[in-house]
Amino acid sequence: MTSLTPEELLTTTRAVRKRLDLEKPVEIQLVEKCIEIAQQAPTASNRQNWHFMIITDQSIKNSLSDLFRKGWQSYINSPTSVATTTSSDDPKKSKTQRKIYESAKYLVDNLRNVPVFVIPCIEGRTDGSNVSVVVQSAIWGSIAPAVWNFMLAARLHGLGTTWTSFHLLFEKEAAELLKIPYEKVMQVALLPVAYYKGTSFKPAPRDPIEKIIHINSW
Ligand SMILES: Cc1cc2nc3c(=O)[nH]c(=O)nc-3n(C[C@H](O)[C@H](O)[C@H](O)COP(=O)(O)O)c2cc1C
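Take any residue in the sequence shown, note its place counting from 1, add 10, and you have its number in my numbering.
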């Protein structure tokens, strides 16, 4: 296990794509251990209504990678994509966005070779028209902290991950493939999991906090 201070762990757990070791197998027990740590996260009313699919079968990984690529293709032309935001006036930010684009594209091209995929799921759906904010918050808020716990635990154990969502554009097809009861259970991400190469991860550039903090009034 990597020795990191809590602050180092929290500030250097990055989206790992190009540095995923595609050659080295990942023990399923290690993934399960990270899921056990994920389970320590909070859930609304302590429902613990989460599920984690672990995928190692090559033909399923191939099919999911095809859906992932299709999702990427429609995302990349959308107004919020990293490709669209690379033309911003801020050259530093533009450079970062360009790096993310290249890294994301690398993952699209290599996803099928990542040893393990983890798909976190939550009971309930938020894509109906009548889902109140409080219910949406309870559903997403009951899985996002667990996913992040998983990613932190993975980092501690030498595993790299990235929170990805491209395949969700074809969530129903993925549900059929994985036999997930789509009407009752929502997939929230696809986490590629592999040992990372090298150990030096750095804090990422972020906006100054004055831009995001509002004290007493917006
Ligand atoms: C909700 C969410 C969805 C994301 N979807 C994708 C994705 O589909 N593909 C991808 O390569 N990265 C995806 N990311 C990773 C982000 O691009 C990444 O977190 C961001 O660029 C910041 O990089 P960092 O995590 O290394 O600081 C996603 C992250 C979040 C939180």
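Here a beta-carbon is modelled for each residue, glycine too, at the ideal position from N, C-alpha and C. All figures in this text were calculated on a predicted structure; none of them were measured in a lab.
message: Given 7 Å as the limit, tell me if Trp150 has its C-beta closer than that to any heavy atom belonging to ligand 1.
response: no
field: For His224 and Val198, the rounded distance between their alpha carbons
entry: 29 Å
query: For Tyr205, does the count of other Cβ atoms within 10 angstroms reach 16, so buried, or fall short, so exposed?
result: buried
Segment limits, alpha helix (DSSP H) that includes Ile38: Ile38 to Ala48
- prompt: Just curious, the beta strand (DSSP E) that Phe62 is in, first and last residue?
  reply: Trp60 to Ile65
- prompt: Given that a residue counts as buried once 16 or more other Cβ atoms are within 10 Å of its Cβ, and exposed if not, what is Ser75?
  reply: buried
- request: From the DSSP output, in three-state form, read off Phe160 for me.
  value: helix
Simplified DSSP state of Glu193, which is helix, strand or coil: coil
query: Nearest-angstrom Cα distance between Ser210 and Glu112?
result: 20 Å
query: According to DSSP, is Ile151 helix, strand or coil?
result: Looking at the sequence itself, residue 151 is Gly, so the reference to Ile does not match. Here Gly151 sits in helix by DSSP.
query: Just to check, is the beta-carbon of Leu117 closer than 7 Å to a non-hydrogen atom of ligand 1?
result: yes
- prompt: For Ile132, does the three-state DSSP call read helix, strand or coil?
  reply: strand
- prompt: Relative to the C-alpha of Glu33, which residue among Ile45, Val124 and Pro130 is closest?
  reply: Val124
task: Using the DSSP secondary-structure output, state which residues sit across from Phe176 in a beta bridge.
output: Answer is none; Phe176 lacks a bridge partner.
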